[in-house]
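Following: one structure in structure tokens, then a few remarks.
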Amino acid sequence: MLEQLKLASIPPEDEALREPVRAFLAERLAGVPSATRARSWMGFDADFSRALAARGWVGLTLPPAYGGGGRSHFARFVLIEELLAAGAPVAAHWIAERQSGPLLLRFGTPAQREAYVPRICAGQAFFCIGMSEPDSGSDLASVRTRAEPTADGWLLNGSKLWTTYGHKADYMIALVRTSGGPDDRHKGLSQLLIDLSLPGITARPIRDLAGDSHFSEVHFDNVALGPDALVGAEGQGWEQVNAELAFERSGPERIYSSMALIDAWLRFVRSRGNPTAQEAELAGRLIGRLAVLRNLSLSVTALLAEGKSPAVEASVVKDLGTSFEQSIPGLVTDHLASLEDGAIPGDLLATLAYVTGMGPSFSLRGGTREVIRGIIARGLGLR
Amino acid sequence: MSDLILEQFTRLLDGLDGDSPWPQLAESGFLDLLRSEDDGGAALDLEGLFPLTLEAGRRPTLPCVIQTMIARLAAPEAVDVVDVESVLADGGVDPAVARALAAAATAGLMAGALEAIEALTLDYAATRKQFGREIGKFQAIQHQIAVMAEEVMAARMAVQLAFVGAPLAMSPLRAGVAKLRVGEAALTVAAIAHAVHGAIGVSQEHSLRHFTGRLHEGRLAHGGEAAWARRLGGWALDSDLDAVSLARSL
Chain A
28 MLEQLKLASI PPEDEALREP VRAFLAERLA GVPSATRARS WMGFDADFSR
78 ALAARGWVGL TLPPAYGGGG RSHFARFVLI EELLAAGAPV AAHWIAERQS
128 GPLLLRFGTP AQREAYVPRI CAGQAFFCIG MSEPDSGSDL ASVRTRAEPT
178 ADGWLLNGSK LWTTYGHKAD YMIALVRTSG GPDDRHKGLS QLLIDLSLPG
228 ITARPIRDLA GDSHFSEVHF DNVALGPDAL VGAEGQGWEQ VNAELAFERS
278 GPERIYSSMA LIDAWLRFVR SRGNPTAQEA ELAGRLIGRL AVLRNLSLSV
328 TALLAEGKSP AVEASVVKDL GTSFEQSIPG LVTDHLASLE DGAIPGDLLA
378 TLAYVTGMGP SFSLRGGTRE VIRGIIARGL GLR
Chain B
-17 MSDLILEQFT RLLDGLDGDS PWPQLAESGF LDLLRSEDDG GAALDLEGLF
33 PLTLEAGRRP TLPCVIQTMI ARLAAPEAVD VVDVESVLAD GGVDPAVARA
83 LAAAATAGLM AGALEAIEAL TLDYAATRKQ FGREIGKFQA IQHQIAVMAE
133 EVMAARMAVQ LAFVGAPLAM SPLRAGVAKL RVGEAALTVA AIAHAVHGAI
183 GVSQEHSLRH FTGRLHEGRL AHGGEAAWAR RLGGWALDSD LDAVSLARSL
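Each protein sequence line maps, in turn, to chains A and B.
Read in this note's numbering, the first sequence has 39 at position 12, and its numbers run on one by one without any break.
Read in this note's numbering, the second sequence has 175 at position 193, and its numbers run on one by one without any break.
Here it is, written out as structure tokens:
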């Protein structure tokens, strides 16, 4: 059996962050159409990220000594919840502040922390994560990108694929092989921090089915890296990556990807007036499920705040949350297609088209549904 | 304090005379626990009632203890209360609150049954062998049980959300979320549990039928998912809040 999650509430000092964030977003995002908001953490806007950083809202939980806000997990929950509910374009700084900064603080050398974390918090260093390759998706232990030790560091060769904003980020933290071969599986993998402006690196955007270019392929051709490119210990990359993934699976980003669509649909139904029983039922099911998911996510946040590492519970939230997000476009389509009168607003249809098309990716990123269910089964003692 | 109450409640249930439990229950004082101290109770709030409700729900067969405890808020001498909604309403409780409390109590008992089903299913998957190994070693079974565990966790959280504060101040919207979400989980979990158990799960002698039967009865009682969803949705559509703010204000 899994940990019995307790109802948690956000402390007032953290809840107080909500109003200023809402006010900032209302002004900054005024007039942005729903279909653009639906991109949210796939939307890259460096100016937006820097404006957020100027208010101290990038690196909110990171230590003040490194330019962070030193705030609690609950404060971050409030911030992220408001950013995602509004559909703010957070992709530019998202990975750096959520994963790369914490990773460097945990496994990096003092020099690495000094060099990167303050710039992450200032919105001046954007990161991507190099995991998947042409022949390695969920099976990350099979990565073939290789860094050979040299007299003055590492020589890197290989390719990363489907890397989110690899063509726009300043740095990549990549999982690569530094010793052994494919038969060694998880042994011999390391995390390297790569300056993407170095010679020998080409990054090419890949168009997604919505016409956006949120992901990319990145090639490394005899890229010379210094000895300080290594993050953490040589050969410990797999363990480090897993610690990182466990941390990022339970947040509001696993629940709120389709909020722009629900909100556009709610506005449309309200504008028609006199909701039918069918419309009320759908609205009620969506809000009811959302309320439960939000409380599950919040209670996992409480466990994180207590210093625990609720990896399995976080996986439960991710699978439930992404299933919910993915169900929304189908339900909204069913309703809109049942109407026999009246025009449907273009922005609602554009939002629906985007979320319908990209919805399948919600359960791919951060570990596929099949991987996640395997983790839960292990937590239940089945494997 | 709440651990102690749960321990005593568990011991009481363990020692009940199956044929004639009510004199024992009345004498234990548990039936009056929700009533005010002036009325001989302990003014237990819903947070305190939550673990007792789950514990009751985890048992294959049980008299209507939780329903009777709630009914005594309006009918001090009540015993063996099956329909707590009508007893409360007849006793002068606002019918909307009576329905909400009855729905939440049903959801709580169902959440306990869901936990019991998860435990039974995990145990069965770990012991039943086919094709030379425990069936829980098959990925197809593992993934179904993972889904079951997710639904059980969601159901439990939905009930916790409703079990807040004084019983007679139960929020109908939160009760609605509980009944809605637990009902949805019940359908999924009952189907998976029976699929994993195979033929023995539909036999008279196996305890699974008590739990899944209670889930299906529970979905029919005091408003089902669609009814509560319409209520919640009417509130959501009347408001001008965005979806996250609506969920947050529940």
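Using N, Cα and C, we set each Cβ at its ideal position, and we do this for glycine too.
Values in this document were obtained by computation on a predicted structure and should not be read as measured data.
Work out the CA separation of residue j and residue i for me, nearest whole Å.
i	j	result
residue 172 (chain B)	residue 357 (chain A)	25 Å
residue 104 (chain A)	residue 98 (chain A)	11 Å
residue 73 (chain B)	residue 79 (chain B)	12 Å
residue 252 (chain A)	residue -15 (chain B)	58 Å
residue 10 (chain B)	residue 97 (chain B)	26 Å
residue 306 (chain A)	residue 365 (chain A)	11 Å
residue 165 (chain A)	residue 187 (chain A)	13 Å
residue 15 (chain B)	residue -12 (chain B)	12 Å
residue 137 (chain B)	residue 156 (chain A)	35 Å
residue 128 (chain A)	residue 144 (chain A)	6 Å
residue 107 (chain B)	residue 33 (chain A)	27 Å
residue 383 (chain A)	residue 63 (chain A)	14 Å
residue 245 (chain A)	residue 226 (chain A)	13 Å
residue 110 (chain B)	residue 42 (chain B)	21 Å
residue 226 (chain B)	residue 340 (chain A)	22 Å
residue 127 (chain B)	residue 134 (chain B)	10 Å
residue 375 (chain A)	residue 59 (chain A)	13 Å
residue 62 (chain B)	residue 117 (chain B)	41 Å
residue 70 (chain B)	residue 54 (chain B)	8 Å
residue 344 (chain A)	residue 191 (chain B)	29 Å
residue 352 (chain A)	residue 1 (chain B)	49 Å
Which one of the options has the shortest CA to CA distance from residue i?
i	options	result
residue 278 (chain A)	A:106, A:43, A:295	A:106
residue 397 (chain A)	B:191, B:168, B:201, B:124	B:124
residue 85 (chain A)	A:111, A:121, A:54	A:121
residue 118 (chain A)	A:190, A:145, A:184, A:132	A:190
residue 445 (chain A)	B:130, B:218, B:92	Only positions 28 to 410 of chain A appear in this structure, which leaves residue 445 (chain A) out of reach.
residue 167 (chain B)	B:184, B:131, B:149	B:131
residue 77 (chain A)	A:115, A:410, A:241	A:115
residue 152 (chain B)	B:77, B:58, B:221	B:77
residue 303 (chain A)	A:349, A:63, A:362, A:193	A:362
residue 289 (chain A)	A:317, A:102, A:158	A:317
residue 89 (chain B)	B:25, B:186, B:127, B:37	B:37
residue 157 (chain B)	B:63, B:83, B:-1	B:83
residue 200 (chain A)	A:220, A:314, A:52	A:220
residue 442 (chain A)	A:291, A:300, A:406, A:256	Beyond the ends of chain A as shown, which are 28 and 410, falls residue 442 (chain A); an answer cannot be given.
residue 359 (chain A)	A:378, A:343, A:263, A:348	A:378
residue 4 (chain A)	A:134, A:209, A:314, A:151	Absent from the structure is residue 4 (chain A), since the part of chain A shown begins at 28 and ends at 410.
In three-state terms, what does DSSP make of residue i?
i	result
residue 232 (chain A)	strand
residue 89 (chain A)	coil
residue 247 (chain A)	strand
residue 246 (chain B)	Outside the shown range of chain B (-17 to 232) lies residue 246 (chain B), about which nothing can therefore be said.
residue 285 (chain A)	coil
residue 37 (chain A)	coil
residue 67 (chain A)	helix
residue 76 (chain A)	helix
residue 127 (chain A)	helix
residue 163 (chain B)	helix
residue 223 (chain A)	coil
residue 145 (chain B)	coil
residue 217 (chain A)	strand
residue 98 (chain A)	coil
residue 138 (chain B)	helix
residue 258 (chain A)	strand
residue 203 (chain A)	strand
residue 242 (chain A)	strand
With a threshold of 7 Å, establish whether the CB of residue i neighbours any heavy atom of the ligand FAD.
i	result
residue 149 (chain A)	Absent from the structure shown: the ligand FAD. Ligands present: none.
Margin query: To be precise: take each residue of the stretch 315 to 329 of chain A, compare its Cβ to all Cβ atoms of chain B, and keep it if any distance is under 8 Å. Which residues remain?
Written below: 315, 316, 317, 318, 319, 320, 321, 322, 323, 326
Next item on the list: Scan the stretch 58 to 69 of chain A for residues whose Cβ lies nearer than 7 Å to a Cβ of chain B and list them as they occur along the chain.
Entry: Listed in sequence order: no entries.
Next item on the list: Starting from the N-terminal side, write out each stretch of the beta strand (DSSP E) that is 3 residues or longer and does not extend beyond the stretch 142 to 198 of chain A.
Entry: 154 to 157, 173 to 177, 180 to 191
Notebook entry, point to check: Which of the residues in the stretch 373 to 388 of chain A, read from start to end, lie with their CB under 9 Å from any CB of chain B?
Noted result: none
Check: According to a CB-to-CB cut-off of less than 9 Å, which residues of the stretch 91 to 124 of chain B neighbour chain A?
Finding: 97, 100, 101, 104, 107, 108, 116, 118, 119, 121, 123, 124
Checklist line | chain B contacts made by the stretch 280 to 292 of chain A, where a contact means CB separation under 7 Å | finding: The residues in question are 283, 286, 289, 290.
Next item on the list: Could you pull out every unbroken alpha helix (DSSP H) segment of at least 4 residues lying fully inside the stretch 296 to 360 of chain A, listed in chain order?
Entry: 304 to 332
Margin query: Restricting to runs no shorter than 3 residues, where is the beta strand (DSSP E) found entirely within the stretch 354 to 402 of chain A?
Written below: none
Margin query: Please list, in chain order, the residues of the stretch 302 to 313 of chain A that have any C-beta partner in chain B closer than 8 Å.
Written below: 302, 304, 306, 307, 308, 309, 310, 311, 312, 313
Note to self: So if I threshold CB-CB distances at 9 Å, which residues from the stretch 390 to 408 of chain A count as touching chain B?
What the structure shows: 396, 397, 399, 400, 401, 402, 403, 404, 405, 406, 407, 408
Item checked: Residues from the stretch 340 to 364 of chain A in contact with chain B, defined by Cβ distance under 8 Å -> 340, 343, 346, 347
Notebook entry, point to check: Listed in chain order, which residues of the stretch 103 to 127 of chain A have Cβ atoms closer than 9 Å to some Cβ of chain B?
Noted result: Within the stretch 103 to 127 of chain A, the qualifying residues are 108, 109, 111, 112, 113.
Check: At a Cβ cut of 8 Å, what residues of the stretch 146 to 163 of chain B count as close to chain A, listed as they run along the chain?
Finding: Listed in sequence order: 146, 158, 159, 162, 163.
Note to self: Output needed in chain order: residues of the stretch 190 to 212 of chain B with a Cβ under 8 Å from some Cβ in chain A.
What the structure shows: 207, 208, 210, 211, 212
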